[in-house]
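Before any comments, here is the structure.
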Amino acid sequence: MIEATALPTPWQVRFRTDDNEGLADTLKAGVGGSAGMRPHELLEAALATCMAISARMALADLGIGDADVDVRVHLERGEAQTRFRYELVLDPALETHREAVMERVERSPVRSTLSKRLIFDPA
Numbered sequence: 001m002i003e004a005t006a007l008p009t010p011w012q013v014r015f016r017t018d019d020n021e022g023l024a025d026t027l028k029a030g031v032g033g034s035a036g037m038r039p040h041e042l043l044e045a046a047l048a049t050c051m052a053i054s055a056r057m058a059l060a061d062l063g064i065g066d067a068d069v070d071v072r073v074h075l076e077r078g079e080a081q082t083r084f085r086y087e088l089v090l091d092p093a094l095e096t097h098r099e100a101v102m103e104r105v106e107r108s109p110v111r112s113t114l115s116k117r118l119i120f121d122p123a
């Protein structure tokens, strides 16, 4: 569970779970700032980090440790749909494993979660 607390500085929010915390911020109509990631960037970060972990796990299963893996995610918000565009960047020496790694990335837990119908219930 994540707990988010609005801070006195306009649009800043501290979020935390257990011993970890971060700062979110946004700029609207000239108010606010960029002291932390914007809320939609946190969605991109959740997907990108999960995909990167899944890619590293796939490579580890292939006997490849300490591999350079980058995942880039861009969220496009439309009127009728939301699109996540993503790119897996591997070290050129690992390109022969792209298909196996990509298969694992496409089954990553956060992607699976976001691919299902979402329901929002107040507590």
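Residue numbers for the sequence shown follow full-length UniProt numbering, beginning at 1 and rising by one.
Virtual Cβ for every residue (Gly too), placed ideally from N, Cα, C.
None of the values given here were measured: they were computed from a predicted structure.
Three-state class that DSSP yields for Glu76 in the structure shown: Start at 1 with the first residue of the sequence shown, and residue 76 comes out as number 76. In this structure, Glu76 counts as strand in the three-state DSSP scheme.
Closest Cα partner of Arg38 within the set Pro92, Arg14 and Val110: Along the sequence shown, one-based indexing puts residue 38 at 38. The shortest Cα separation from Arg38 among Pro92, Arg14 and Val110 belongs to Arg14.
First through last residue of the alpha helix (DSSP H) which encompasses Ala46: Numbered from its first residue, the sequence shown carries residue 46 at position 46. Taken as a continuous stretch (DSSP letters only), the alpha helix (DSSP H) holding Ala46 covers Pro39 to Asp61.
Inter-residue Cα distance where the pair is Val31 and Ala24: For this step, residue 31 is matched to residue 31 along the sequence shown. For this step, residue 24 is matched to residue 24 along the sequence shown. Whole-angstrom Cα-Cα distance: 14 Å.
Which of helix, strand or coil DSSP assigns to Arg83: Position 83 of the sequence shown holds residue 83. In this structure, Arg83 counts as strand in the three-state DSSP scheme.
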